[in-house]
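There are 2 protein chains.
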Amino acid sequence: MTDPAHTTEGHAATEPDEAVYELASGRLEHDLVEALAAGDGARVKDLIAPLHYADVADLLEHLSADERHALIDVIRDDFDAEILSELDETVRDEIIERLGIADVAAAVAELESDDAVQIIEELDEAEQRRGRGAIPAGERTLIEEGLAYPEDSAGRLMQRELVTVPTFWNVGQTIDFMRHSADLEEDALPSVFYDIFVVDPAHKPVGAVPLSRLLRTRRPVPVTEIMDAEMKLIPVETDQEDVAFLFRQRDLVSAPVVDDGGRLVGAITIDDVVDVIHEELEEDIMRMGGVREDDLYSAAVDTTRSRFSWLVVNLATAVLASLVIGLFEATIEQIVALAVLMPIVASMGGNAGTQTMTVTVRALAMKELNPTNTFRVIGKELLVGGFNGILFAALTGGVAWFWFGSPALGVVIALAMIINMVVAGLAGTTIPLVLERAGIDPAVASGVVLTAITDVVGFFGFLGLAALILL
Amino acid sequence: MTDPAHTTEGHAATEPDEAVYELASGRLEHDLVEALAAGDGARVKDLIAPLHYADVADLLEHLSADERHALIDVIRDDFDAEILSELDETVRDEIIERLGIADVAAAVAELESDDAVQIIEELDEAEQRRGRGAIPAGERTLIEEGLAYPEDSAGRLMQRELVTVPTFWNVGQTIDFMRHSADLEEDALPSVFYDIFVVDPAHKPVGAVPLSRLLRTRRPVPVTEIMDAEMKLIPVETDQEDVAFLFRQRDLVSAPVVDDGGRLVGAITIDDVVDVIHEELEEDIMRMGGVREDDLYSAAVDTTRSRFSWLVVNLATAVLASLVIGLFEATIEQIVALAVLMPIVASMGGNAGTQTMTVTVRALAMKELNPTNTFRVIGKELLVGGFNGILFAALTGGVAWFWFGSPALGVVIALAMIINMVVAGLAGTTIPLVLERAGIDPAVASGVVLTAITDVVGFFGFLGLAALILL
Chain A
21 MTDPAHTTEG HAATEPDEAV YELASGRLEH DLVEALAAGD GARVKDLIAP LHYADVADLL
81 EHLSADERHA LIDVIRDDFD AEILSELDET VRDEIIERLG IADVAAAVAE LESDDAVQII
141 EELDEAEQRR GRGAIPAGER TLIEEGLAYP EDSAGRLMQR ELVTVPTFWN VGQTIDFMRH
201 SADLEEDALP SVFYDIFVVD PAHKPVGAVP LSRLLRTRRP VPVTEIMDAE MKLIPVETDQ
261 EDVAFLFRQR DLVSAPVVDD GGRLVGAITI DDVVDVIHEE LEEDIMRMGG VREDDLYSAA
321 VDTTRSRFSW LVVNLATAVL ASLVIGLFEA TIEQIVALAV LMPIVASMGG NAGTQTMTVT
381 VRALAMKELN PTNTFRVIGK ELLVGGFNGI LFAALTGGVA WFWFGSPALG VVIALAMIIN
441 MVVAGLAGTT IPLVLERAGI DPAVASGVVL TAITDVVGFF GFLGLAALIL L
Chain B
21 MTDPAHTTEG HAATEPDEAV YELASGRLEH DLVEALAAGD GARVKDLIAP LHYADVADLL
81 EHLSADERHA LIDVIRDDFD AEILSELDET VRDEIIERLG IADVAAAVAE LESDDAVQII
141 EELDEAEQRR GRGAIPAGER TLIEEGLAYP EDSAGRLMQR ELVTVPTFWN VGQTIDFMRH
201 SADLEEDALP SVFYDIFVVD PAHKPVGAVP LSRLLRTRRP VPVTEIMDAE MKLIPVETDQ
261 EDVAFLFRQR DLVSAPVVDD GGRLVGAITI DDVVDVIHEE LEEDIMRMGG VREDDLYSAA
321 VDTTRSRFSW LVVNLATAVL ASLVIGLFEA TIEQIVALAV LMPIVASMGG NAGTQTMTVT
381 VRALAMKELN PTNTFRVIGK ELLVGGFNGI LFAALTGGVA WFWFGSPALG VVIALAMIIN
441 MVVAGLAGTT IPLVLERAGI DPAVASGVVL TAITDVVGFF GFLGLAALIL L
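Chains as they are written, first to last, in my numbering: chain A, 21 to 491; chain B, 21 to 491.
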């Protein structure tokens, strides 16, 4: 949406994204590429200096490998490690290699512990060892503790810098404590936080106080009086996907993380969860599209290799469909119109099944299907398949009759259409359910199984009915 | 991931979701359905009472229409309006109807203004008029102001309750002001907030102070000394999708919203943005699957109708493919093996194209494609198509030769495969780009255009080459 206040600035009127995203117009990149080509380091630095680290990350992603290396060499000395957190994995690996592990470690030491863990965990083991050596001891301990938790767990996500107060403190003591810590050493407190946690003598969390409430309360009031005692405690091993679900489900902004003994070990804040929500959904989109992971910035050879395996699986289902057609070679030889029409039935079944499957896969991911409503959903999809089957039976039956002048052929395609659309509704719901039950990610595997079924039923139904009715 | 601390509790060990999501096991729902069937209102209330409003919303979604009505009637008197914010649209409409507009208005009046707007905007006009009448005047004004902004804009998303302080105040004055407001009237301040905003005499924002920083600073320090002056100002008309992009790109937690004159009118916080990020991605997933919107809870007839239109478009492309096959009826009549093998070429092109298209559509949504790298990405996908084309040409050529004992047939399918895979790479990148440029949502339309192209090229290439080489 164009910001009316900006429309007088010329290009803003034709570049609606400009208002929110500086790189949208591409002019900056154009200037940068020119400066890099001319070897004008000073101009490159001038162009980069005013940018947010996320925009620098985007620029690095957009450049060709050579330009990227040239840019890294120019900005190496004041490289902001936050850039690394924002990069696509493939590009990040390349840049870490170009920077060298010593420069990376120096940059990473400047980050908060949770962000630092996120970078270090991507390095291979030898790099990790060398990298950690270059990080100061205090920071290193926090990072190593973070790395000790399982990948994609709450422990990796959480901030370990926390503000905790005992149950017997009041608001005044808490504020004074924070002011005092700020005076002593900046690093003892997280740079930004939203809640302080009240803990018992065993360091178990008993309540949380949002800062906005703390600020509105008079100094003598005990913290236990204004704390929220009903908190959702997150076990440190919880998968990040479950953490994200919980934050969305409960509209949480921050949540305490506890170890096996129930002791407070960290806190997860919503800004960390936003990235998880986004990543998990992007991952699902990629998987449903048959891509293992976003490979926009991967080399052609790597992309070919990673997509090949998925296409092989699809080839198997295509050959299966061909085998079914092969059963009816004799029938097709007599009525060649069947070869012309047969893809219609298979394709419509595939599309109707994909619609149902998409809704079911998402419902599973959102934990919306359970014993109470699963059968009702399957029943509904059968009904939808039946309704649409009848509608498209009429349409395609009419087309076939008109095209080949054979009412019998129209009846055959109409019957096959109804069968395949109902099967599509059944398969679109049950395949994801069965895969989920079997521990297979339904987002990855549902599509290929579904197509196999709708192809086989589509071809077998149509050609089989034709053999029965027309010959 | 199972929480080790809970494994001794019996079912928790076999129900890994239990730790984060109470409804996962389905036992509560089972008990609830029983109590509803028995008409045991007291037991229903007991079961519902300890639940979070989001869980009650989930329960309502899972129930059948009759059970849902029975439950509403039981909990009508102390109905928590937050439940409405968490409901699927279809179910929400049904429940609002059952509750009656007076009860809905009474419940909505309890919400924060941004949440209330979210409910009211879903009502039809007559309901809105009646609903607003039942809401107290002060709250109503805020809601009506919210509704005056365009749908899906920053104005609808923002909280209008704000803490603003003049530039000449210090930390002590700010804290005293907040404590004083809290004493006077609870409603003057938002219930939870993360930043206070420093404004000039024209009420233009000049800086933001995170609460955690305010708390760590001594009373005499001026707010201008600790504020962040570099804020991203969001124009009130900005589309919510751009707002979400900005929050992710800049790792924002809250941002001031300004009107056309640059005056501060509200603030968006990250918890509002989380829902937008999630909705927009879910919407994209649904669209890529050929579903207009999540219709899990819609009636079968409504679902049939909304999916029908998409299937009609697909029928058109399927008929187009059939027309292409029809051109080669004479060829198929002579070599019926062509009918058996032809779906393989079309299907592999479709799958390879879908992989490329998925990556491209997401890259566009994430603003990752621009003049600098677009041609490089297209070039890469052509290369990937070529590489995989050659690999699958060898595979399918071998299969065809072995199956039908004809090396010439193997050569035909191999050549057709290479052509279609390269076309798939080209189409998978350029179709989304062209659609986006034409103002058509690439997530909706790319798939059907892609399939049309890979089907036509697949069938025409294979059958055409066969006619040329084999006859």
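By construction, the Cβ of each residue, glycine as well, lies at the ideal position given by its N, Cα and C atoms.
On the criterion of 16 or more Cβ atoms from any shown chain inside 10 Å, does Glu29(A) qualify as buried, or is it exposed? Low local confidence applies: a pLDDT of 35 at Glu29(A) is under 50, so the model's placement there is unreliable, with the coordinate-based value given in what follows. That one is exposed.
Return no unless some Cβ of chain A is closer than 8 Å to the Cβ of Val124(B). no
Counting only beta-carbon separations shorter than 8 Å, does Thr237(A) have a partner in chain B? yes
Thr378(B) beta carbon less than 8 Å from that of Thr76(A): In the sequence on display, residue 76(A) carries Val and not Thr. Their beta carbons are not under 8 Å apart, which means Val76(A) does not touch Thr378(B) by this criterion.
What residue does the alpha helix (DSSP H) around Ile364(B) start on, and which one ends it? Ala357 to Ala385
Tell me whether the stretch 317-326 of chain A and the stretch 390-401 of chain A touch, counting them as touching only if at least three CB pairs, one residue from each stretch, are closer than 8 Å. By the Cβ rule, the stretch 317-326 of chain A does not count as touching the stretch 390-401 of chain A, because fewer than three pairs are nearer than 8 Å.
Closest to Phe11(A) by C-alpha separation, out of Lys387(B), Phe395(B), Ala447(B) and Leu316(B), would be which residue? Nothing in the structure corresponds to residue 11(A), since chain A is present only between 21 and 491.
Does the Cβ of Gly151(B) lie closer than 7 Å to at least one heavy atom of the ligand PLP? As far as ligands go, the structure on display features none, and thus does not contain the ligand PLP.
Pairs of beta-carbons, one from the stretch 96-107 of chain B and one from the stretch 402-412 of chain A, closer than 8 Å: are there three or more? no
Counting only beta-carbon atoms, is Gln269(B) nearer than 8 Å to chain A? Interface residue, yes.
Below 8 Å between beta carbons: does that hold for Val226(A) and Thr187(A)? Contact: yes.
Please return the same chain residues whose Cβ sits closer than 7 Å to the Cβ of Val64(A), not counting the five positions on each side in sequence. Leu52, Ala55, Leu56, Leu91 and Val94
Is Val285(A) near Val278(A), with beta carbons less than 8 Å apart? yes
Which partner residues of Ser173(B) appear in the DSSP bridge assignment? Asp259(B)
To which residues of the same chain is Leu429(A) closer than 6 Å at the C-beta, ignoring the five residues directly before and after it? Ala420
Burial state of Asp215(B), where buried means 16 or more other Cβ atoms lie within 10 Å: buried
Check whether chain B comes within 8 Å of Val94(A), counting only Cβ atoms and requiring the distance to be less than that. no
Let me confirm a value: Asp23(A) is counted as buried when at least 16 other C-beta atoms fall within 10 Å, else exposed. Which label applies? Any reading at Asp23(A) must be qualified, since the residue scores a pLDDT of 40, below 50, and its modelled position is unreliable; the value itself is stated next. Looking at its Cβ environment, which holds 16 or more other Cβ atoms inside 10 Å, Asp23(A) is buried.
Three-state class that DSSP yields for Pro70(A) in the structure shown: coil
Separation of His89(A) from Gly481(B), as counted between CA atoms: 42 Å
Can you name the start and end residues of the alpha helix (DSSP H) that Asp134(B) belongs to? Its alpha helix (DSSP H) spans residues Ser133 to Ile140.
Please state whether the Cβ-Cβ distance between Gln354(B) and Leu485(B) is less than 8 Å. no
Alpha helix (DSSP H) containing Ala427(B): first to last residue? It should be pointed out that residue 427(B) corresponds to Pro in this sequence rather than to Ala. Membership of Pro427(B) in the alpha helix (DSSP H) is indicated by the continuous run Pro427 to Arg457.
Just by C-beta distance, which residues in the stretch 71-87 of chain A are closer than 8 Å to chain B? His72, Ala74, Asp75, Asp78, Glu81, His82, Leu83 and Ser84
What is the rounded straight-line gap between the Cα of Ala436(B) and the Cα of Thr392(B)? 33 Å
Judging by CA-CA distance, which residue of Glu49(A), Val468(A) and Leu104(A) is the nearest neighbour of Leu340(A)? Val468(A)
Which residues does DSSP pair with Ala275(A) in a beta bridge? Ile288(A)
Evaluate the contact criterion for the stretch 173-180 of chain B versus the stretch 243-257 of chain B: three or more CB pairs, one atom per stretch, below 8 Å. yes
In or out: Ile473(A) buried (at least 16 other Cβ within 10 Å) or exposed? buried
Chain-order list of residues whose beta-carbon lies under 7 Å from that of Ala264(A) (same chain, five-residue window excluded): Val293, Val296, Ile297 and Glu300
Members of the stretch 127-158 of chain B that neighbour chain A once the beta carbon cut-off is set at 8 Å: Result list empty, no residue passes.
Against Glu114(B), what residues of chain A qualify as contacts under a CB-to-CB distance less than 9 Å, listed in chain order? Per Cβ cutoff of 9 Å: no residues; Glu114(B) is ~15 Å from chain A at best.
Pick helix, strand or coil for Phe188(A), following the three-state DSSP scheme. coil
Taking DSSP's pairing of strands, which residues face Ala228(B) in a bridge? Phe217(B) and Asp248(B)
Reduced DSSP category for Pro462(A) - H, G, I as helix; E, B as strand; rest coil: Three-state DSSP puts Pro462(A) in a helix.
Ala228(A) and Phe217(A) closer than 8 Å at C-beta: yes
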